[in-house]
Amino acid sequence: MHTPNSNGPLLQPRPYPSLLTLVIPMYNEGAVVPHLRSVLDEFMTEVKGETEVILVNDGSTDSTLAQIAAWAREDPRIKVVNLSRNFGHQSASTAGLDYASGDAVVLLDADLQDPVSVIHQMIARYCEGYDVVYGQRLIRQGDGIFKRLSAWLFYRLMRSLVHKDLPLDTGDFRLISRSCLDGLQQLRETHRFLRGMIAWVGYPQIAVPYQRAARVAGETKYPLRKMLTFAWTAATSFSALPLKASVWLGLIVTLFGLEEAVRAMLAHIFHWYAVPGWSSLTVLVSVLGGATLMSIGILGEYVGKIYEQAKNRPLYLVSRTFNIVEPRKHQDGAEFMTQSEYR
Ligand code: UDP
Ligand code: MG
Numbered sequence: 002m003h004t005p006n007s008n009g010p011l012l013q014p015r016p017y018p019s020l021l022t023l024v025i026p027m028y029n030e031g032a033v034v035p036h037l038r039s040v041l042d043e044f045m046t047e048v049k050g051e052t053e054v055i056l057v058n059d060g061s062t063d064s065t066l067a068q069i070a071a072w073a074r075e076d077p078r079i080k081v082v083n084l085s086r087n088f089g090h091q092s093a094s095t096a097g098l099d100y101a102s103g104d105a106v107v108l109l110d111a112d113l114q115d116p117v118s119v120i121h122q123m124i125a126r127y128c129e130g131y132d133v134v135y136g137q138r139l140i141r142q143g144d145g146i147f148k149r150l151s152a153w154l155f156y157r158l159m160r161s162l163v164h165k166d167l168p169l170d171t172g173d174f175r176l177i178s179r180s181c182l183d184g185l186q187q188l189r190e191t192h193r194f195l196r197g198m199i200a201w202v203g204y205p206q207i208a209v210p211y212q213r214a215a216r217v218a219g220e221t222k223y224p225l226r227k228m229l230t231f232a233w234t235a236a237t238s239f240s241a242l243p244l245k246a247s248v249w250l251g252l253i254v255t256l257f258g259l260e261e262a263v264r265a266m267l268a269h270i271f272h273w274y275a276v277p278g279w280s281s282l283t284v285l286v287s288v289l290g291g292a293t294l295m296s297i298g299i300l301g302e303y304v305g306k307i308y309e310q311a312k313n314r315p316l317y318l319v320s321r322t323f324n325i326v327e328p329r330k331h332q333d334g335a336e337f338m339t340q341s342e343y344r
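Each residue of the sequence shown is one higher than the one before, starting from 2 at the first, in the working numbering.
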């Protein structure tokens, strides 16, 4: 984290954003839409400049799309990007960011766990000159002890694996400036961990503490299984530490194996055992086998990621938009080099 002092000379006060973009990924949030609508309607009256809201429907199978499309028909500030299927939270957020045209862009969850009132504080920090203002959670109301513990562990682990500047106890709830977003959009990796990528992009960053509320309706789309997958993606897409760890593990196991070999030889020479050491042999074989398989597995994880990346597929596909007239600010590689661009 930057200290305010190190940022001092970098901080250029700037005017209130004339256009503020809210980017909200949604997956089966039908139960949440009415709450979201009333909260945002009120919020938009408080904002001094203009506001646009980009709702990304991430292949919901419930009434989400119908509700937000109807909302968009009544309110031109509501823009809907409908993805062709479920691409996951990180890709859906990326899609929303690619369509954002605001001077400042806020990424938040649909379930109102991130209170919109905090956005005013974020804008104040933005006006001071900060390019990234992230919401830092104080406590989690309504989350079980297990969710809290896993989140706590997650952030500590991620910090050592992903990026030393990765802020602790933050989700994706943050405001980013146009210049930071331009930087972020140059990172088109397939396996995405937005918070880590934003930390990598840099620029003056600051936290705004807030109390994370409970979900207003519906249920979490991040059960433990997804949380672990997310942590694994974050770790292996940002750091080669797991690969290095397998080298260390291999070294330790090899030393252990050497020691066993010496022991076996001495036992043979001096006739220490009446019965040859069956158990030590079994231990050796299983330990070595396990360590080898694990290292190959980790290697395979990285090869798989390289393979996915080498295919260079677009990060998401859009099947339809509502209220969006301007073309997307960023084009994915695949669509970028159209015939006309070559001429
Ligand atoms: N989400 C999404 N695609 C997915 C899963 C989740 O767009 O595949 C959205 C979801 O609708 C919500 C946000 O990502 O707006 C965060 O999800 P959730 O609130 O379930 O996660 P939690 O807050 O429990 O970590
Ligand atoms: Mg949530």
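A virtual CB, placed ideally from N, CA and C, is assigned to each residue, including glycine.
Query	Result
Cβ-Cβ distance between Gly251 and Leu285 below 8 Å	no
Under the three-state DSSP convention, the category Phe323 falls into	strand
Residue(s) in a DSSP beta bridge with Ala80	The sequence as given places Lys at residue 80; Ala does not occur at that position. According to DSSP, which records beta bridges pairwise, Lys80 is partnered with Ile55.
Which of helix, strand or coil DSSP assigns to Ala246	helix
Closer than 7 Å: Arg216 CB and nearest the ligand UDP heavy atom	yes
Assigned secondary structure, Arg15 (DSSP; H/G/I helix, E/B strand, else coil)	coil
Neighbourhood of Phe337 by C-beta distance below 7 Å, restricted to the same chain and skipping five residues each side	With a pLDDT of 37 at Phe337, under the threshold of 50, the predicted position of this residue should be treated as unreliable, and no value is reported.
Closer than 7 Å: Thr65 CB and nearest the ligand MG heavy atom	no
Residues near Asp63 by beta carbon distance below 7 Å, same chain, minus five either side	Asn29, Gly31
Span of the alpha helix (DSSP H), counted from its first residue to its last, around Thr191	That residue, Thr191, is in no alpha helix (DSSP H); it is neither H nor E in DSSP.
Distance cut-off 7 Å: Thr221 Cβ against heavy atoms of the ligand MG	yes
Contact test: Gln137 Cβ vs the ligand UDP heavy atom, cutoff 7 Å	no
The region 80–90 in contact with the region 153–165 per 3-pair CB rule at 8 Å	no
DSSP state of Gln186 mapped onto helix, strand, coil	coil
Same chain, Cβ closer than 7 Å to Val202, neighbours up to 5 away in sequence not counted	Cys181, Gly184, Leu185
Assumed close pair Arg179, Gly136 - CB separation to whole angstroms, cut-off 8 Å	About 19 Å separates the two Cβ atoms, so there is no contact after all.
The alpha helix (DSSP H) enclosing Pro35, as first and last residue numbers	34–47
Nearest-angstrom Cα separation, counted from Ser238 out to Ile98	Note that residue 98 is Leu in the sequence shown, not Ile. The straight-line gap from Cα to Cα measures roughly 20 Å.
Cα-Cα separation between Ser94 and Gly291, rounded to whole angstroms	38 Å
Met159: CB within 7 Å of a non-hydrogen atom of the ligand UDP	no
Proximity below 8 Å, CB of Val34 to CB of Ile69	yes
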